[in-house]
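Below is one structure, written out as structure tokens; comments come after it.
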Amino acid sequence: NAQEPNCARNYTVQLGDTCDGISAKTNTSTFQLANVNADKINADCSNLFAGEALCLGITGQDCDVTHVVQSGDGCDSIADEAQTTEATLLANNPNVNSGCTNIYPGEVLCTADEVIVVNATSTSA
1 NAQEPNCARN
11 YTVQLGDTCD
21 GISAKTNTST
31 FQLANVNADK
41 INADCSNLFA
51 GEALCLGITG
61 QDCDVTHVVQ
71 SGDGCDSIAD
81 EAQTTEATLL
91 ANNPNVNSGC
101 TNIYPGEVLC
111 TADEVIVVNA
121 TSTSA
């Protein structure tokens with residue numbers, strides 16, 4: 001159960017934690033938490049256990065500027081509020097579709113004004 005070697009921030013799961021809850025209280029996007037811990041957290045985040053060590057972000061790819069989605073939010077309003085562009089918002093949240101129709105209240109999005117997130121599917125040799 002070794003920690004990610006380039007982990008920028010760590011978190012120990014508490015009883016009753018949810019992925020969105022951890023993301024909200026640690027300023028970590030829902031995508032980043034799931035992506036960095038893909039080997040530990042299942043798709044619907046139902047397998048967290050108290051005492052489990054999670055990595056919140058990888059050094060150099062750690063977005064800690066976030067927004068918790070509220071009912072009625074859209075990518076345009078979130079980007080405006082964060083003083084970033086919708087393109088940057090979408091780049092930092094690869095889990096959000098281009099129409100921004102799959103965000104939900106409680107989800108935590110990276111709202112940095114530059115592209116920080118590196119999608120797991122793009123690996124370099």
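Heads up, the sequence shown is in the numbering used here, so the first residue is 1 and it goes up one at a time.
We put the CB at the ideal spot given by N, CA and C, even for glycine.
Please read all numbers here as calculations on a predicted model, not as lab measurements.
*Terminal residues of the alpha helix (DSSP H) in which Ile-41 lies*: Unbroken run through Ile-41: none, as it is neither H nor E.
*Can you give the Cα-Cα distance for Val-65 and Cys-110, rounded to whole angstroms?*
In a straight line, the C-alpha of Val-65 is about 6 Å away from that of Cys-110.
*Are the stretch 52 to 60 and the stretch 68 to 85 in contact at 8 Å, needing three or more beta carbon pairs?*
Judged by Cβ distances under 8 Å, the stretch 52 to 60 makes no contact with the stretch 68 to 85, as fewer than three pairs qualify.
*Quick one: what's got a C-beta closer than 8 Å to Ser-122's C-beta in the same chain, skipping five residues either side?*
Note that Ser-122 has pLDDT 38, beneath the 50 cutoff, so the model's placement of it is unreliable and the number below is only indicative. Once the five neighbours on either side are set aside, Ser-122 has no close Cβ partner at all.
_Which of helix, strand or coil DSSP assigns to Leu-89_ = DSSP places Leu-89 in the helix class (H, G or I) of the three-state scheme.
*Can you tell me whether DSSP reads Ala-112 as helix, strand or coil?*
Looking at Ala-112 - three-state DSSP - the assignment turns out to be coil, as it is neither helix nor strand.
_Helix, strand or coil for Cys-75? Go by DSSP, reduced to three states._
When secondary structure is reduced to three states using DSSP, Cys-75 falls in the helix class.
_Please confirm whether Cys-45 has its beta-carbon closer than 7 Å to some beta-carbon of chain C._
This model lacks chain C altogether, as it is built from one protein chain only.
*Among residues of its own chain, excluding the 5 on either side of Glu-86, which ones have a beta-carbon nearer than 7 Å to its beta-carbon?*
The beta carbon of Glu-86 sits closer than 7 Å to the beta carbons of Cys-75, Asp-76, Ala-79 from its chain, once the five residues preceding and following it are set aside; these are given in chain order.
_Bridge-paired residues (DSSP) for Thr-12_ = In the DSSP output, where bridge partners are listed per residue, Thr-12 has Ala-53.
_Counterpart residues of Val-96 in DSSP-defined beta bridges_ = The beta-bridge partner set that DSSP reports for Val-96 is empty.
*Would you report the Cα separation of Asn-93 and Ser-29, rounded to the nearest angstrom?*
In a straight line, the C-alpha of Asn-93 is about 8 Å away from that of Ser-29.
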